[in-house]
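Take a look at the structure below.
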Amino acid sequence: MLLTPEDRARSDDRARVELARRTGRRHRLAWLLVGPGMLAMLGENDGPSMISYTTDGAAYGLGFFLPFTVVLFALAYVCQEVCMRVGVVTHRGYGELVLQRYGPVWGWFGATDLAVTNLVTLVAEFIAIRVGLAYFGIGAPVAAIGGVVLVVAAASGGRYRRWERIVLGLAVFNALFLVAAVLARPNWAEVGRAFATFGPLPAGPINTILLLVAATIGATVTPWMIFFQQSAAADKGMTRRDLGHGRLDTSIGATLAAVFGCGALIAGAALAGHGGDTIQGLAGAGFPAALAGVSGHTVAAVFALGLIESGAVAVLTISASTAYAAAECVGVAHSFNIDPRRARLFLGANLAVALAAAAVILIPHAPLLAIALNANVLATVLLPVTLIFLMMLANDRTLMGAHANRRITNIVAGAIVALISLAALAYAIDSFLQSVHVLPASS
Amino acid sequence: MPTADDHSATHERPDVVEFLEPGQLVGNRRTPVPRAELGRRAQAGLWVLRITVLLLVVMVGYTFFTQVWP
Chain Y
1 MLLTPEDRAR
11 SDDRARVELA
21 RRTGRRHRLA
31 WLLVGPGMLA
41 MLGENDGPSM
51 ISYTTDGAAY
61 GLGFFLPFTV
71 VLFALAYVCQ
81 EVCMRVGVVT
91 HRGYGELVLQ
101 RYGPVWGWFG
111 ATDLAVTNLV
121 TLVAEFIAIR
131 VGLAYFGIGA
141 PVAAIGGVVL
151 VVAAASGGRY
161 RRWERIVLGL
171 AVFNALFLVA
181 AVLARPNWAE
191 VGRAFATFGP
201 LPAGPINTIL
211 LLVAATIGAT
221 VTPWMIFFQQ
231 SAAADKGMTR
241 RDLGHGRLDT
251 SIGATLAAVF
261 GCGALIAGAA
271 LAGHGGDTIQ
281 GLAGAGFPAA
291 LAGVSGHTVA
301 AVFALGLIES
311 GAVAVLTISA
321 STAYAAAECV
331 GVAHSFNIDP
341 RRARLFLGAN
351 LAVALAAAAV
361 ILIPHAPLLA
371 IALNANVLAT
381 VLLPVTLIFL
391 MMLANDRTLM
401 GAHANRRITN
411 IVAGAIVALI
421 SLAALAYAID
431 SFLQSVHVLP
441 ASS
Chain U
444 MPTADDHSAT
454 HERPDVVEFL
464 EPGQLVGNRR
474 TPVPRAELGR
484 RAQAGLWVLR
494 ITVLLLVVMV
504 GYTFFTQVWP
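Taken in order, these protein sequences are the chains called Y and U.
The first sequence begins at 1 in the working numbering and counts up by one.
The second sequence begins at 444 in the working numbering and counts up by one.
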């Protein structure tokens with residue numbers, strides 16, 4: 001067996017892990033093994049998501065959506081734990097496994113749909129970066145160029161570990177939303193009451209609320225998270241011995257993402273009763289400016305910085321998921337542990353999708369708001385398919401051996417997959433019926 | 444599988460192999476996993492999924508384009 005530089009790089013990383021394990025350095029071991037789960041979860045706290053949380057807070061105040069956000073990340077943990085386990089046990093990415101196990105039609109459909117969905121989502125991420133920078137008087141070209149430079153810089157080292165640590169270093173700044181929440185001086189008694197009672201329930205037409213809930217559930221897990229975490233766990237070189245740490249990584253990521261998402265909601269709640277329900281989110285950089293008027297410039301500045309971070313991290317993780325899917329389906333090298341000259345398609349896809357999205361935000365009169373607001377609907381095509389195949393892979397004893405889903409996991413995960421898939425389908429069908437005017441447009 | 448002409452390849456090194464599972468080696472990963480043998484129910488389910496996806500692509504595509512470019 002001839003070994004490659006990729007094998008050597010991955011082995012170097014594994015040697016560090018084994019040394020930490022053998023010497024009983026538990027914290028160092030945890031530090032070495034966290035990554036894919038945290039990045040998937042904190043990457044899901046992307047620009048549009050954080051603005052969505054803020055919108056919920058501004059429109060409905062402190063109530064149902066606070067504990068609901070925590071529940072959503074608990075659901076996301078279940079799905080992401082499954083995909084982590086499949087990646088760790090099989091050492092292969094999601095796109096690669098689907099293509100090889102279930103045929104090229106499903107493999108290529110998944111990769112192609114993911115690429116299209118990711119491109120549109122990345123436009124929304126660049127918009128979020130632009131909105132954040134606009135608060136500081138910095139224009140769109142800086143957002144576009146900065147995002148692309150970040151993608152190139154993070155991937156340029158030829159080591160997965162380096163790429164991961166750069167993105168993790170950025171992702172911790174998702175905590176800025178928690179800082180903004182604290183600085184906004186919310187009524188903490190109301191926050192506690194909301195978590196304890198899941199109330200008050202949002203007011204408004206029931207079908208609007210149900211659609212909002214369905215859309216939110218349907219966006220709990222996005223296809224790129226599945227593709228990304230499974231491929232990253234394999235690229236990182238995790239093994240069966242690391243499954244416990246993989247679960248720890250995923251659960252820490254889910255917890256932090258839930259806390260920071262709640263932070264954005266609490267910060268947005270400062271606008272409730274101050275015309276917060278009329279702010280059009282991504283349009284006109286509404287939220288940072290509105291927060292400045294209600295809670296002061298410090299809160300607004302922290303919030304704007306958070307938007308920049310959330311968009312930037314998502315640009316990195318979503319671009320990576322596109323690269324993994326594309327290269328796995330073509331059957332070429334798909335790792336950050338390779339000299340960039342030997343992973344041209346992988347790194348090329350990583351850069352190309354970010355470049356394309358960055359270019360869109362520079363097009364005059366491009367319907368950016370509409371693109372950003374409708375990015376989620378595209379994910380509803382791929383999401384049920386992704387989750388179903390994930391469950392099939394996780395139950396495949398030929399691949400997973402003793403680490404296949406247990407009966408209880410199938411019951412719990414199966415129910416969650418069904419709930420998320422049905423919510424996504426409901427959102428898609430409702431959106432379609434509105435677009436053909438069978439249903440009235442929701443406000 | 445890497446060949447002898449692959450300048451990036453090195454010969455087997457015990458220290459490298461020690462830290463990696465066989466399934467992690469690039470050479471082994473280039474061997475595709477075998478195609479799944481699905482039962483009739485699973486195949487029927489996948490056909491239902493294909494039809495559902497086709498309908499979704501049409502619906503969602505239409506929705507997206509009409510809302511972005513009304």
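The C-beta atom is built at its ideal place from N, Cα and C for all residues, glycine as well.
Bear in mind that the values here come from a model prediction, so they are computed numbers and not experimental data.
Note down the Cα distance separating Y:T112 from Y:I420, rounded to an integer number of angstroms.
-> Residue numbering aside, residue 112 of chain Y sits at position 112 when the first sequence is read from its first letter. Residue numbering aside, residue 420 of chain Y sits at position 420 when the first sequence is read from its first letter. Using only the alpha carbons, I get a separation of about 22 Å.
First and last residue of the uninterrupted alpha helix (DSSP H) at Y:H297 = Position 297 of the first sequence, counting from 1, holds the residue named residue 297 of chain Y. Looking at the DSSP string, the run of the alpha helix (DSSP H) that includes Y:H297 is H297 to V330.
Exposure of Y:P205, with buried meaning 16 or more beta-carbon neighbours within 10 Å | Indexing the first sequence from 1 puts residue 205 of chain Y at position 205. Y:P205 should be labelled exposed.
Beta-carbon proximity list for Y:V179, same chain, < 6 Å, skipping 5 on both sides | Locating residue 179 of chain Y in the first sequence gives position 179, where the first residue counts as 1. Hits under 6 Å: V302.
Would you mind telling me which residues of chain U sit closer than 8 Å to Y:A415, beta carbon to beta carbon, in chain order?
-> The residue labelled residue 415 of chain Y in the question sits at position 415 within the first sequence. The contacting residues do not exist; Y:A415 stays about 17 Å from chain U at best.
Specify whether the stretch 141-160 of chain Y and the stretch 324-336 of chain Y touch according to this definition: at least 3 beta carbon pairs, one from each stretch, less than 8 Å apart.
-> yes
Output yes or no for whether 8 Å exceeds the beta carbon distance between Y:V332 and Y:L316.
-> Along the first sequence, read from residue 1 onward, the residue named residue 332 of chain Y stands at position 332. Along the first sequence, read from residue 1 onward, the residue named residue 316 of chain Y stands at position 316. Result no, Cβ atoms of Y:V332 and Y:L316 do not sit closer than 8 Å.
Residue-chain proximity (U:Q510, chain Y), Cβ-Cβ < 8 Å | Against the second sequence, residue 510 of chain U aligns to sequence position 67. Interface residue, yes.
Relative to the alpha-carbon of Y:Q434, which residue among U:T506, U:G482 and U:R478 has its alpha-carbon at the smallest distance?
-> Along the first sequence, one-based indexing puts residue 434 of chain Y at 434. Of the listed residues, the one whose Cα sits closest to Y:Q434 is U:T506.
Output the distance between the C-alpha atoms of Y:F126 and U:D458, rounded to the nearest integer angstrom.
-> On the first sequence, position 126 is the one that residue 126 of chain Y refers to. On the second sequence, position 15 is the one that residue 458 of chain U refers to. Whole-angstrom Cα-Cα distance: 44 Å.
Minimum C-alpha distance to Y:I411 - residue among Y:A352, Y:A304, Y:L168 and Y:N395 = On the first sequence, position 411 is the one that residue 411 of chain Y refers to. Among Y:A352, Y:A304, Y:L168 and Y:N395, the Cα nearest to that of Y:I411 is on Y:N395.
In terms of alpha-carbon separation, which member of Y:L368, Y:E81 and Y:V299 lies closest to Y:Q444?
-> One cannot answer for residue 444 of chain Y here, as it falls past the ends of chain Y, which runs 1 to 443.
Could you have a look at Y:L373 and say whether DSSP puts it in helix, strand or coil?
-> Position 373 of the first sequence, counting from 1, holds the residue named residue 373 of chain Y. When secondary structure is reduced to three states using DSSP, Y:L373 falls in the helix class.
Which of the three DSSP states, helix, strand or coil, is assigned to Y:L3?
-> Counting from 1 along the first sequence, the entry for residue 3 of chain Y is found at position 3. Here Y:L3 sits in strand by DSSP.
Where does Y:G311 land, buried or exposed, given buried means 16+ other C-beta within 10 angstroms?
-> Taking the first sequence and counting its residues from 1, the one referred to as residue 311 of chain Y is at position 311. Around the Cβ of Y:G311, a 10 Å sphere holds 16 or more other Cβ atoms; the residue is buried.
Indicate the three-state DSSP secondary structure (helix, strand or coil) for Y:G158 in the structure shown.
-> Taking the first residue of the first sequence as position 1, residue 158 of chain Y is located at position 158. Residue state, collapsed to three classes: coil.
Which of the three DSSP states, helix, strand or coil, is assigned to Y:S251?
-> Here residue 251 of chain Y corresponds to residue number 251 of the first sequence, with the count starting at 1. In this structure, Y:S251 counts as helix in the three-state DSSP scheme.
Are Y:A413 and Y:V149 closer than 8 Å when you measure CB to CB?
-> Indexing the first sequence from 1 puts residue 413 of chain Y at position 413. Indexing the first sequence from 1 puts residue 149 of chain Y at position 149. Result no, Cβ atoms of Y:A413 and Y:V149 do not sit closer than 8 Å.
Along the chain, which unbroken stretches of the alpha helix (DSSP H) at least 4 residues long are found entirely within the stretch 133-219 of chain Y?
-> 140-155, 160-171, 176-183, 188-197 and 206-218
Any chain Y beta carbon closer than 8 Å to U:G482 = As a working mapping, residue 482 of chain U is identified with position 39 in the second sequence. No, U:G482 does not count as interfacial toward chain Y.
In its own chain, which residues sit with a C-beta less than 7 Å from the C-beta of Y:N308, not counting the 5 before and 5 after it?
-> Taking the first residue of the first sequence as 1, we reach residue 308 of chain Y at position 308. At residue 308 of chain Y the sequence reads Ile, which differs from the Asn that was named. When the five nearest sequence neighbours on each side are left out, the beta carbons in the same chain lying within less than 7 Å of the beta carbon of Y:I308 are those of I129, G132 and L133, in order along the chain.
So which of Y:T239, Y:G246, Y:L97 and Y:V120 has the shortest CA-CA distance to Y:D15?
-> Taking the first sequence and counting its residues from 1, one reaches residue 15 of chain Y at position 15. According to the sequence provided, residue 15 of chain Y is Ala. The question's Asp does not apply to it. Per the Cα distances, Y:T239.
Could you please tell me which residues of the stretch 94-105 of chain Y, in chain order, have their CB closer than 9 Å to any CB of chain U?
-> Within the stretch 94-105 of chain Y, contact with chain U at the beta-carbon level (separation under 9 Å) is assigned to E96, L97, L99, Q100, R101, Y102, G103 and V105.
Mind listing which residues of the stretch 349-369 of chain Y have their C-beta closer than 9 Å to chain U's C-betas, in chain order?
-> P367
Taking only beta-carbon positions, decide if U:V491 is within less than 8 Å of chain Y.
-> Along the second sequence, read from residue 1 onward, the residue named residue 491 of chain U stands at position 48. No - not a single Cβ of chain Y is within 8 Å of the one on U:V491.
Can you find at least 3 beta carbon pairs, one from the stretch 184-201 of chain Y and one from the stretch 31-47 of chain Y, that sit closer than 8 Å?
-> Flag = no, the stretch 184-201 of chain Y and the stretch 31-47 of chain Y do not touch.
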